[in-house]
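Asks:
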Amino acid sequence: MTAPGSTLTVVVMSHRPEVREAIAGAVGRRPAPDLPRLRFVEAGNVADVLGAADAGEIDLAVLDGEAQPTGGMGVCRQLKNESDDPPPVIVVVRRRDDHWLATWSQADAVLVQPLDPVTAAETVATVLRERTSPAVRG
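Sequential numbering from 1 applies to the sequence shown in UniProt numbering.
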(Lines of atoms letter the chains of each structure in order from A and count residues from 1; the text may use other names and numbers.)
(Lines give C-alpha, C1' and ligand atoms only; values in the text may rest on other atoms or scores of the structure.)
Protein backbone atom coordinates (compact mmCIF):
# COMPACT_ATOMS: atom_id res chain seq x y z
CA MET A 1 0.00 0.00 0.00
CA THR A 2 2.69 2.51 1.00
CA ALA A 3 6.36 2.54 0.06
CA PRO A 4 9.08 3.37 2.60
CA GLY A 5 9.80 7.08 2.77
CA SER A 6 6.26 8.09 1.89
CA THR A 7 3.56 9.14 4.32
CA LEU A 8 0.56 7.41 5.81
CA THR A 9 -2.69 9.33 6.19
CA VAL A 10 -4.39 9.23 9.57
CA VAL A 11 -7.83 10.75 9.91
CA VAL A 12 -8.59 11.96 13.44
CA MET A 13 -12.28 12.55 14.11
CA SER A 14 -13.82 14.47 16.99
CA HIS A 15 -16.25 17.35 17.17
CA ARG A 16 -13.79 18.97 19.59
CA PRO A 17 -10.60 20.42 18.03
CA GLU A 18 -8.69 20.04 21.31
CA VAL A 19 -9.36 16.29 21.30
CA ARG A 20 -8.13 15.98 17.72
CA GLU A 21 -4.97 17.90 18.65
CA ALA A 22 -4.41 15.77 21.76
CA ILE A 23 -4.67 12.56 19.74
CA ALA A 24 -2.29 13.73 17.02
CA GLY A 25 0.11 15.09 19.63
CA ALA A 26 0.14 11.86 21.62
CA VAL A 27 0.76 9.69 18.56
CA GLY A 28 3.37 11.94 16.96
CA ARG A 29 4.40 12.19 13.32
CA ARG A 30 6.65 9.11 13.48
CA PRO A 31 5.28 6.51 15.92
CA ALA A 32 7.97 3.97 15.02
CA PRO A 33 11.23 4.11 13.05
CA ASP A 34 10.16 1.29 10.69
CA LEU A 35 7.05 3.16 9.53
CA PRO A 36 6.65 6.17 7.24
CA ARG A 37 5.80 9.57 8.69
CA LEU A 38 2.16 10.26 9.42
CA ARG A 39 0.04 12.99 7.90
CA PHE A 40 -2.89 13.87 10.13
CA VAL A 41 -6.16 14.99 8.61
CA GLU A 42 -8.65 16.42 11.08
CA ALA A 43 -12.32 15.53 10.66
CA GLY A 44 -14.98 17.34 12.62
CA ASN A 45 -17.86 15.15 11.48
CA VAL A 46 -18.87 11.75 10.17
CA ALA A 47 -19.25 12.89 6.56
CA ASP A 48 -15.57 13.85 6.39
CA VAL A 49 -14.50 10.39 7.60
CA LEU A 50 -16.87 8.45 5.37
CA GLY A 51 -15.96 10.53 2.32
CA ALA A 52 -12.23 9.99 2.83
CA ALA A 53 -12.77 6.27 3.46
CA ASP A 54 -14.90 5.88 0.34
CA ALA A 55 -12.19 7.62 -1.69
CA GLY A 56 -9.55 5.25 -0.30
CA GLU A 57 -7.62 8.14 1.24
CA ILE A 58 -7.25 6.72 4.76
CA ASP A 59 -4.49 4.45 6.06
CA LEU A 60 -5.87 4.68 9.61
CA ALA A 61 -8.81 6.33 11.35
CA VAL A 62 -8.61 7.37 15.00
CA LEU A 63 -12.11 8.17 16.23
CA ASP A 64 -13.25 9.87 19.42
CA GLY A 65 -15.75 7.53 21.06
CA GLU A 66 -17.39 10.55 22.68
CA ALA A 67 -17.79 12.62 19.49
CA GLN A 68 -21.16 14.26 18.95
CA PRO A 69 -23.66 13.90 17.44
CA THR A 70 -22.29 10.56 16.20
CA GLY A 71 -19.66 8.87 18.31
CA GLY A 72 -16.58 7.15 17.00
CA MET A 73 -17.92 3.72 17.91
CA GLY A 74 -20.91 4.13 15.62
CA VAL A 75 -18.72 5.48 12.83
CA CYS A 76 -16.32 2.57 13.26
CA ARG A 77 -19.10 0.01 13.05
CA GLN A 78 -20.50 1.74 9.96
CA LEU A 79 -17.08 1.72 8.27
CA LYS A 80 -16.50 -1.94 9.09
CA ASN A 81 -19.96 -3.07 7.96
CA GLU A 82 -20.52 -0.88 4.91
CA SER A 83 -17.11 -0.66 3.26
CA ASP A 84 -15.56 -3.29 1.01
CA ASP A 85 -12.06 -2.43 2.25
CA PRO A 86 -12.38 -0.43 5.47
CA PRO A 87 -9.33 1.23 6.95
CA PRO A 88 -8.11 0.07 10.33
CA VAL A 89 -9.77 2.02 13.13
CA ILE A 90 -8.67 2.94 16.63
CA VAL A 91 -11.40 4.19 18.95
CA VAL A 92 -10.49 6.52 21.82
CA VAL A 93 -12.68 6.14 24.91
CA ARG A 94 -12.80 8.17 28.10
CA ARG A 95 -13.48 5.30 30.48
CA ARG A 96 -11.62 1.99 30.58
CA ASP A 97 -15.03 0.36 31.19
CA ASP A 98 -16.08 1.42 27.66
CA HIS A 99 -13.47 -0.87 26.11
CA TRP A 100 -16.17 -3.49 25.46
CA LEU A 101 -18.20 -0.99 23.45
CA ALA A 102 -15.22 -0.25 21.25
CA THR A 103 -14.80 -3.99 20.73
CA TRP A 104 -18.48 -4.20 19.74
CA SER A 105 -17.83 -1.47 17.19
CA GLN A 106 -15.24 -3.75 15.54
CA ALA A 107 -12.36 -1.38 16.31
CA ASP A 108 -8.91 -2.73 15.54
CA ALA A 109 -7.61 -1.22 18.78
CA VAL A 110 -8.73 0.95 21.68
CA LEU A 111 -7.01 3.82 23.49
CA VAL A 112 -8.16 5.22 26.82
CA GLN A 113 -7.97 8.89 27.77
CA PRO A 114 -5.93 10.53 29.11
CA LEU A 115 -3.66 9.36 26.32
CA ASP A 116 -0.20 8.12 27.18
CA PRO A 117 2.11 9.08 24.29
CA VAL A 118 4.11 5.83 24.47
CA THR A 119 1.00 3.65 24.45
CA ALA A 120 -0.66 5.76 21.74
CA ALA A 121 2.39 5.56 19.45
CA GLU A 122 2.83 1.82 20.04
CA THR A 123 -0.85 1.13 19.38
CA VAL A 124 -0.87 3.14 16.16
CA ALA A 125 2.37 1.49 15.00
CA THR A 126 1.01 -2.00 15.66
CA VAL A 127 -2.22 -1.34 13.77
CA LEU A 128 -0.39 0.27 10.85
CA ARG A 129 2.12 -2.57 10.62
CA GLU A 130 -0.74 -5.05 10.32
CA ARG A 131 -2.23 -2.99 7.49
CA THR A 132 0.96 -2.06 5.63
CA SER A 133 3.46 -4.81 6.43
CA PRO A 134 3.87 -6.21 2.88
CA ALA A 135 4.50 -2.78 1.37
CA VAL A 136 6.63 -1.43 4.21
CA ARG A 137 8.89 -4.48 4.27
CA GLY A 138 8.84 -5.10 0.53
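For every residue, glycine included, the Cβ atom is placed at its ideal position computed from N, Cα and C. Values in this document were obtained by computation on a predicted structure and should not be read as measured data.
DSSP beta-bridge partners for residue 195?
Replies: Shown here, the chain extends from 1 to 138; a query on residue 195 therefore has no answer.
Asks: Going by DSSP, what residues sit across from Val93 in a beta bridge?
Replies: Answer is Val112.
Asks: Count the C-beta pairs between the segment 113-123 and the segment 79-89 that are closer than 8 Å, then say yes if the count reaches three, no if not.
Replies: No contact exists between the segment 113-123 and the segment 79-89.
Asks: Just the Cα atoms here: how many angstroms apart are Ala67 and Val110?
Replies: Computed Cα separation, rounded: 15 Å.
Asks: Whole angstroms is fine: what's the gap from residue 151's alpha carbon to Val49's?
Replies: Lying outside 1 to 138, the shown extent of the chain, residue 151 is not represented and no answer is given.
Asks: Is it right to say Pro88 is buried, meaning 16 or more other beta carbons lie within 10 angstroms of its own, or is it exposed?
Replies: So Pro88 ends up on the buried side.
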